[in-house]
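Per my numbering, the very first residue in the sequence shown carries number 3; after that it's consecutive. To keep things clear, I will list the structure first and then write my remarks on it.
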Amino acid sequence: QVQLVESGGGLVQAGGSLRLSCVVSRSISSFDDMGWYRQAPGKQRELVASIPTRGTSNYADSVKGRFTISRDNAKNTVYLQMNSLKPEDTAVYYCNARRFIGGLNVWGQGTQVTVSS
C-alpha cells in the first residue's frame with residue numbers, strides 16, 4: 003500500500019511563501035508522474051503542477067512564475083515552493099502519484115493552505 007504524506011501547509015499573509023512536502027512510502031522513480039493538486043471550497047480539484055519522471059514540469063497558468071515543483075528521488079519526496087501567495091491560492095493541497103501502466107493513482111490526505119489578504 004503506497005502512502006503519500008503532505009506537510010508544510012499553514013496560514014500566511016498575501017505575498018508570503020510556503021513550501022509543501024510530500025513524502026512517499028516507496029521510490030518515486032517507480033511512478034511516471036508526481037503532482038500537486040488543490041481544491042478550494044465549492045470548487046473542483048485542479049492541477050497545480052506536475053513533474054514527470056521523464057520530461058518537463060507542467061504548471062497551471064494561475065501559478066506560473068510563482069510556484070516551483072521539484073523532486074528529490076533519494077528522499078522519495080516531492081516539493082512545491084509557493085511564492086507571492088495570493089488569497090485565491092487558499093485551498094487544500096493534495097499530492098498525487100501516478101503510474102500510467104496499470105492505472106495506479108494515489109492521493110495524499112491533503113494539507114490546508116490559507117492566504118490572508
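Beta carbons: idealized from backbone N, C-alpha and C, even for Gly. Bear in mind that the values here come from a model prediction, so they are computed numbers and not experimental data.
- The residue among Tyr-39, Gly-110, Val-14, Thr-113 with its C-alpha nearest the C-alpha of Ile-53 is Tyr-39.
- The shortest CA-to-CA distance from Glu-90 to any of Val-80, Ser-118, Gly-105 is the one to Ser-118.
- By the criterion of a C-beta distance shorter than 6 Å, Arg-68 is surrounded in its chain by Asn-85, Ser-86, once the five residues flanking it on both sides are discounted.
- Counting the other Cβ atoms within 10 Å of the Cβ of Arg-56 gives fewer than 16, which makes it exposed.
- In this structure the region 3-19 touches the region 91-105; the number of beta carbon pairs closer than 8 Å is three or more.
- In this structure, Ser-9 sits near Ser-23, with a CB-CB distance shorter than 8 Å.
- Check the Cα spacing between Ala-51 and each of Lys-45, Ala-42, Ser-64: the tightest is with Ser-64.
- Between Leu-6 and Trp-109 the beta-carbon gap is near 7 Å, inside 8 Å, which marks them as a contact.
- Between Thr-113 and Gly-11, the CB-CB gap stays under 8 Å.
- In this chain, Ser-32 is not harboured by any beta strand (DSSP E), its DSSP state being neither H nor E.
- When secondary structure is reduced to three states using DSSP, Pro-43 falls in the coil class, being assigned neither helix nor strand.
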